[in-house]
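Numbering (the numbering used here), first residue to last: 14 to 293.
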C-alpha cells in the first residue's frame with residue numbers, strides 16, 4: 014500500500030511539473046508575441062507597411078489566382094521529387110561500389126556531386142533556361158518549365174545522393190558479411206539487406222531536402238512561367254502593392270509546415286525506437 018501511495022505521489026509530481034512547464038511555455042510565448050506586436054505596430058513606418066503588405070482587399074483579390082498558379086509549383090515538385098529519388102539512389106550506389114575496377118564510376122559520381130552542389134541553384138536555372146534554347150539543338154525542349162525543373166533535379170540529386178550515401182555507410186559492415194556468408198551476391202546483398210535499412214534511416218533528412226525543393230520551385234519564375242511567385246510579381250506590378258507576395262508566402266507555408274512537422278514526428282519516432290532497443 015505504501016509503495017502504491019509512493020508511486021501515485023511521484024506520478025502527481027511529474028504531472029504537476031509537466032503542467033507547470035506547459036503553463037510557463039505558453040505564458041512566455043504569449044508575452045513574446047505581444048511584445049513583438051507592440052513594437053511593430055508602434056514603429057514609425059507601420060502604416061505604410063500595413064498599406065503595402067497587408068491589404069485585405071488585395072489579399073482576397075489575388076488569393077484564388079495565385080492559388081491556381083501555385084498548382085504549377087506543386088506539379089514541378091512532385092515530378093522532380095520522383096526523378097531525384099531514383100537518380101540520387103543510383104548515384105549513391107555508384108559512389109559506394111568497392112574495388113579499383115569501379116574507380117571511374119566512383120570518380121564520376123564524386124565529380125557530379127561536387128559540381129552540382131557547388132553551383133548556385135538560381136545560376137543553374139538561368140544557364141538551363143536561357144543557354145539550352147540558344148544552342149538550338151534538335152529534339153531538345155525549349156519549355157522553360159521543363160528546363161527549370163531539370164536544373165532543380167540536377168542540383169537536388171547531388172544533395173540527396175549524399176544523404177543516401179550516408180545511409181548506406183551507416184549500415185554496419187557485419188550486415189554485408191552476414192548476407193554474403195548466406196550465399197547472396199553483392200547485388201542481392203545491396204538490394205535486399207543494405208538499401209532497405211539505409212533508406213529507412215535517411216527518410217527524415219530526405220524530407221528536409223524536399224522541403225527546400227518545394228520552396229525552390231519558385232526560382233523557375235525567372236524563366237517566365239506563371240507559377241505562384243511570377244503571378245505575385247504580376248499582381249504587385251499591377252496593384253502597386255506587395256500583398257500578393259504575402260499570398261504566395263501563405264501557400265508555401267501551408268505546404269511546408271505540415272511537411273516539417275511530419276519530419277519531426279518521424280525523427281522522434283526513430284529516437285523512441287532506438288531508446289526502446291537500447292533498453293532491450
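Each residue gets a CB set at the ideal place from its N, CA and C atoms; glycine is no exception. Being a predicted model, the structure only gives us computed values, none of them experimental.
query: Residue burial classification, residue 248 (beta-carbon count within 10 angstroms, cutoff 16); result: buried
query: Opening and closing residue of the alpha helix (DSSP H) in which residue 196 lies; result: That residue, residue 196, is in no alpha helix (DSSP H); it is neither H nor E in DSSP.
query: Residue 208, DSSP secondary structure in three states; result: helix
query: Through-space distance from residue 51 to residue 63, alpha-carbon basis; result: 14 Å
query: Per-residue burial, residue 254 [other beta carbons within 10 Å of its own, 16 or more giving buried]; result: buried
query: Same chain only: Cβ atoms within 6 Å of residue 180, ignoring 5 sequence neighbours per side; result: 211, 214, 215
query: 6 Å CB neighbourhood of residue 14 in its chain, flanking five on each side removed; result: With a pLDDT of only 48 at residue 14, under the threshold of 50, the placement of this residue in the model should not be trusted, and no figure is reported.
query: The alpha helix (DSSP H) enclosing residue 239, as first and last residue numbers; result: Neither: residue 239 is in no alpha helix (DSSP H) and is coded neither H nor E.
query: Runs of alpha helix (DSSP H) lying entirely within the segment 40–105, each at least 4 residues, in chain order; result: 59–66
query: Segments of 4+ residues assigned as alpha helix (DSSP H) that fall wholly inside the segment 123–164; result: 134–139, 145–148
query: Residue from 267, 242, 277, 167 with nearest C-alpha to residue 124; result: 167
query: Status (buried if at least 16 other CB within 10 Å, exposed otherwise) for residue 136; result: exposed
query: Candidates 239, 99, 192, 40, of which the one nearest residue 207 by Cα; result: 192
query: At least three beta-carbon pairs within less than 8 Å, the segment 263–283 to the segment 194–209; result: no
query: Three-pair Cβ contact test at 8 Å for the segment 94–109 versus the segment 168–178; result: yes
query: Three-state class that DSSP yields for residue 177 in the structure shown; result: helix
query: Same chain, Cβ closer than 7 Å to residue 66, neighbours up to 5 away in sequence not counted; result: 255, 256, 259
query: Pairwise C-alpha distance: residue 238 and residue 153; result: 18 Å
query: Pick from 268, 250, 163, 274 that is closest to residue 232, judged by C-alpha positions; result: 163
query: Presumed contact (8 Å Cβ cut-off) between residue 222 and residue 139, rounded CB distance; result: Incorrect: roughly 22 Å between the Cβ atoms, too far for contact.
query: Proximity to residue 240 [Cα-Cα], best of 78, 225, 190, 49; result: 78
query: Distance between residue 42 and residue 33 (C-alpha atoms, nearest Å); result: 14 Å
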